[in-house]
Amino acid sequence: MKGRKIGTAVVCAVCAFMIMSAFFAKDFVLYDFHMNVPDYQYAKTEKEKPLSADTSVWFSYGDVGKAVYYGINEEIQEESLTVYALTQTGEVSVTNGNENPIKQDSLGHFIAALPMAELDIDGDGEIEKVYDFARADLGLNAFNPAPQRFLTKEIPFELVFAERKYIMVYYENEILKDAEVLVTSYNGEQKRYRTDGHGWIQGLPNRDIREGFTAVYSPDGKLVYRMQYALEDYPYFSVHFWKAHLPLVVIFALAGIGIAAIYLIRNRIEKHNPAYAIYSRERVGIYLGTLHQKTNSKFLFVRWLCLFTGMFLWTYAGKLIHQGQILNEISIPVFSCPFNLDQVVEVPCYYLSHLPALFGRFGADFPVRNMIYAVMFLATTLLCFIFFGRILCGFLCPAGLLQDLMDKLRQALHIRPIVVTDRINRFLQPIKWVWIILFLGFAFTGGDFCDICPLKGFTTAQGGYWTNLYLGGFFAIVILTGSFFIKRFWCIICPMGYLMGLFKRFNLFKLKKDCTSCTECGACYHACPMRIKSIYTERDKENVQTVDCMMCGECIHKCPEDNALSMTFCGKTIYKSSRETFMSKFSGKKEG
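Structure, rendered in structure tokens:
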């Protein structure tokens, strides 16, 4: 009784700390890249003009980050260059292109402009009046979902990066609708595109946006406006890419210290345990055969394959396959940070944790487009919730793969797990509800769930994006350490996983039990990472799927009885328990 009171007090203290500290999340700094715009270097480039720049002025970036460079053709006088910058107080302009040092209140958006020049740019013998511009979006605000516009008449033609994936075109401070623009892509090739009714350049490849391009527009054939656009972005395996992994190094290093501390403390306590002599025979460390497993389950192989595929899709695929815009409105609910912009499809965690931003994101610039996105986002998210549910946790979630790898590392090191008893599981439930409340409601109090999210730094850093980590970074250490000793530790308290589980009744995938075949051995309960006891205690119902079940198949894999447990898809059995396949784990015989 005394132990229960102490445990309850500890859990209440943890929940109270989580809620109170969330409001001061940015005061807990784990890693800061110092990405404020004034920290950037601004100078004239010494490199050659990029192929994407079909203008007399252009912007580019350094190889290691925090540097922006401008360039002009040799025949252009630098005194004629004017640079406009967006600041917290509005637009400011600087002559001679001198923006160094960058102003303290700068937002990281710059446009360089040259005076009108009379040129024959199309070779038809007629002189056109040409206005050349270049735009650079850098720093933390580069990927702001809302379009950042320069509301000045000196810039009649403007390219604006919006929704972190699209280019909008403005002419004379109005959206340029149903107009033709000539685009010079990152490799110098030219192609004509049209803007739609919302001013978006239809079909513009994501690679052009990320690696730079030039758009040319002529309203009458005599006036020509050209703007080179440079978004701060870096290729994989560059110096910038590897530096993005530094927060992960810190997290894993501190998690390693935490794991070692728990291991040593536990061993010290258990020296007084009569069973310690049994535990002491474990040889901690990796040695020959340590990763060998006798089972060859095709189902589990498919699950691992799906998990690695999910990690690829939500971490690297968007940049590697240079996808267009067709999938950007599809949302699949997994826990992968949307600040990694190389995801093939959207993830709903940002907008579910920022509900006020979903329908009122960008003001009056394109309310129809905003509503279309909101409808597509909600429709695809709900369809996944209803028809797939938590099987996405078990098969696609990058956070799930990370936890499974930590569990494999523990097994490889031959370190015993921490068994989640019913008592521990009860104590974890209030923590789960705190996460759910913060996930859905923190934004309504003016908070930002991203600052406390323990998974923000993983796929973001892996994608090469510099991300400052605050309180969420410290939570990440706890989650990583916990996942080492407790399989799928985060999944037990994951807020989005719980929301998906609420729709289990409608899921296409079901977990079924033949109660007449069950011997109540408890193997399924001990195999379940979510510690779902009703799987083996149920004696009447056929459907044993619960709100916490993530359909990982571990219970079926460990069940020693024929057809006692099975997984179905649309009523058809796709995986079932078998005594023969269970015994093959001990005999070396492959499963069927």
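Numbers given in this note's numbering equal positions in the sequence shown, counted from 1, plus 7. Here a beta-carbon is modelled for each residue, glycine too, at the ideal position from N, C-alpha and C.
For Phe496, the closest C-alpha among the options Trp473, Leu409, Arg423 is that of Leu409. When C-beta atoms of the segment 113-124 are compared with those of the segment 194-210, fewer than three pairs fall below 8 angstroms, so the two segments do not count as touching. A direct Cα-Cα distance of roughly 7 angstroms separates Gln469 from His252.
DSSP places Thr89 in the uninterrupted beta strand (DSSP E) bounded by 89-94. Judged by DSSP in its simplified three-state form, Lys54 adopts coil rather than helix or strand. Leaving aside the five residues that flank Lys565 on each side, the residues in its chain whose CB is nearer than 6 angstroms to its CB run, in chain order, Ala530, Ala534. Counting only runs of at least 4 residues, the segment 219-276 fully encloses the following alpha helix (DSSP H) elements, listed from N- to C-terminal order: 246-250. Here DSSP, grouped into helix, strand and coil, assigns Lys519 to strand.
When the Cα atoms are used, Trp442 and Leu37 turn out to be separated by approximately 20 angstroms. In the DSSP assignment, Asn550 is bridged to Lys519.
Distance from the Cα of Lys51 is smallest, within the candidate group Val90, Asp203, Ala20, for Val90. Per the C-alpha coordinates, the member of Phe492, Phe30, Gly228, Gly489 positioned closest to Glu187 is Gly228. For Asp458, the closest C-alpha among the options Asn475, Phe465, Thr467, Val256 is that of Asn475. In the structure shown, Gln48 falls within a strand segment according to DSSP collapsed to helix, strand and coil. Two segments are said to touch when three or more pairs of C-beta atoms, one from each, lie closer than 8 angstroms; by this definition the segment 157-173 does not touch the segment 262-280.
Only exposed fits Leu327, as fewer than 16 other CB atoms lie within 10 angstroms of its CB. Inter-residue distance for Phe395 and Leu314 is about 15 angstroms (C-alpha atoms, whole angstroms). Comparing C-alpha distances from Ile174 to each of Glu161, Ala237, Gln197 shows the shortest one belongs to Ala237. Thr62 is a Cβ neighbour of Gln235, given a cutoff of 8 angstroms. Rounded to whole angstroms, the gap between the alpha carbons of Ala268 and Arg275 is 11 angstroms. Cβ-Cβ distances below 6 angstroms link Glu179 to Pro163 in the same chain, with the five nearest sequence neighbours on each side left out; the list follows chain order.
The beta carbon of Arg417 is closer than 6 angstroms to those of Phe491 in its chain, skipping five residues each way along the sequence.
Under the three-state reduction of DSSP, Ile493 is assigned to coil, being neither helix nor strand. Judged by their CB atoms, Trp321 and Pro405 are nearer to each other than the 8 angstroms cut-off. DSSP places Ala74 inside the beta strand (DSSP E), whose first and last residues are 74-79.
With fewer than 16 other Cβ atoms inside 10 Å of its own Cβ, Ala419 counts as exposed. The C-beta distance from Val223 to Leu189 rounds to 4 angstroms, short enough to fall under 8 angstroms. In this structure, Lys12 lies away from Asp46, with their beta-carbon atoms at least 8 angstroms apart.
With fewer than 16 other beta carbons inside 10 angstroms of its own, Ile272 counts as exposed.
Phe395 carries a coil assignment under DSSP once its states are collapsed to helix, strand and coil.
Between the C-alpha atoms of Ile484 and Gln84 there is a straight-line separation of about 54 angstroms.
Sorting Thr523, Ala143, Gly130 by C-alpha distance to the C-alpha of Trp65 places Ala143 at the top. With a cutoff of 8 angstroms on beta-carbon distance, Leu399 and Pro355 are scored as not near each other. In this model, Glu81 and Asp112 are separated by some 32 angstroms (Cα to Cα). Here the alpha carbon of Phe402 sits roughly 54 angstroms from the alpha carbon of Leu121. Taking the CA atoms as reference points, Pro57 sits about 57 angstroms from Leu518.
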